[in-house]
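Residue numbers (our numbering): 34 to 184. Beta carbons are placed, not taken as given, at the ideal position from N, Cα and C, and that holds for glycine. Note that the structure is a prediction, hence the values are computed from the model and not measured. Report on one structure; see the data block that follows.
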């Protein structure tokens with residue numbers, strides 16, 4: 034007995050959807066696991082009356098599910114901060130929550146990044162002096178952009 038064309042298309046669409054779901058989860062898990070380690074690069078700031086580039090180092094020490102913790106080191110300012118973040122789909126988001134050494138960094142800004150290559154992440158830093166929203170294409174007002182490569 035042949036199925037009506039509409040039923041065949043529906044079953045085909047369901048199979049495609051089921052095949053796509055595990056791949057999506059695998060990509061997210063891969064991104065989270067690849068994040069652990071040290072990432073070095075350049076932070077290009079254009080906020081707080083500063084228009085300059087600075088060296089920065091992000092170290093992701095621990096990952097639990099989609100959440101991670103670590104530190105950010107700012108050699109120019111002799112400052113190190115605590116970091117908390119999460120991987121959400123293809124996005125990597127984190128914030129600096131407190132000082133470990135020094136105090137010359139703006140806390141509570143939102144970093145929004147994504148993998149651009151296996152060992153490279155790029156993104157924007159959202160300035161905390163403006164409203165930061167958890168949803169939307171920009172998540173707030175850009176104050177800098179950055180590129181980090183895994184050491």
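Exercise for the section: Determine the closest residue to residue 177 out of 157, 183, 106 and 184, with distance taken between C-alpha atoms. Expected result: 157
Practice task
Would you decide whether residue 58 is buried or exposed? Buried here means 16 or more other CB atoms lie within 10 Å of its CB.
Solution key: Confidence at residue 58 is low in this model, with a pLDDT of 37, below 50, so the placement of that residue is unreliable and no value is reported for it.
Practice task
Would you kindly report the start and end of the unbroken beta strand (DSSP E) that includes residue 77?
Solution key: Segment 70-80, the beta strand (DSSP E) holding residue 77.
Practice task
Evaluate residue 130 with the Cβ neighbour count: other Cβ atoms within 10 Å of its Cβ, from every protein chain shown; 16 or more gives buried, anything less gives exposed.
Solution key: exposed
Practice task
Pick out whichever of 107, 151, 74 and 128 has its Cα sitting closest to the Cα of residue 135.
Solution key: 107
Problem - Nearest residue (CA-CA) to residue 118, options 111, 96 and 112 - result: 96
Handout entry: Secondary structure of residue 138, DSSP reduced to three states
Key = coil
Practice task
On the DSSP bridge assignment, give the partners of residue 84 in chain order.
Solution key: Per DSSP, 79.
Practice task
In the DSSP assignment, find the unbroken beta strand (DSSP E) run with residue 110 in it and report its ends.
Solution key: No beta strand (DSSP E) contains residue 110, which DSSP labels as neither H nor E.
Handout entry: Nearest-angstrom beta carbon gap, residue 159 and residue 149 [assumed within contact, 8 Å]
Key = That belief does not hold up - the Cβ atoms of residue 149 and residue 159 are roughly 19 Å apart, past 8 Å.
Handout entry: Rounded distance between the beta-carbons of residue 81 and residue 186, thought under 8 Å
Key = This structure cannot settle anything about residue 186, because the visible part of the chain is limited to 34 through 184.
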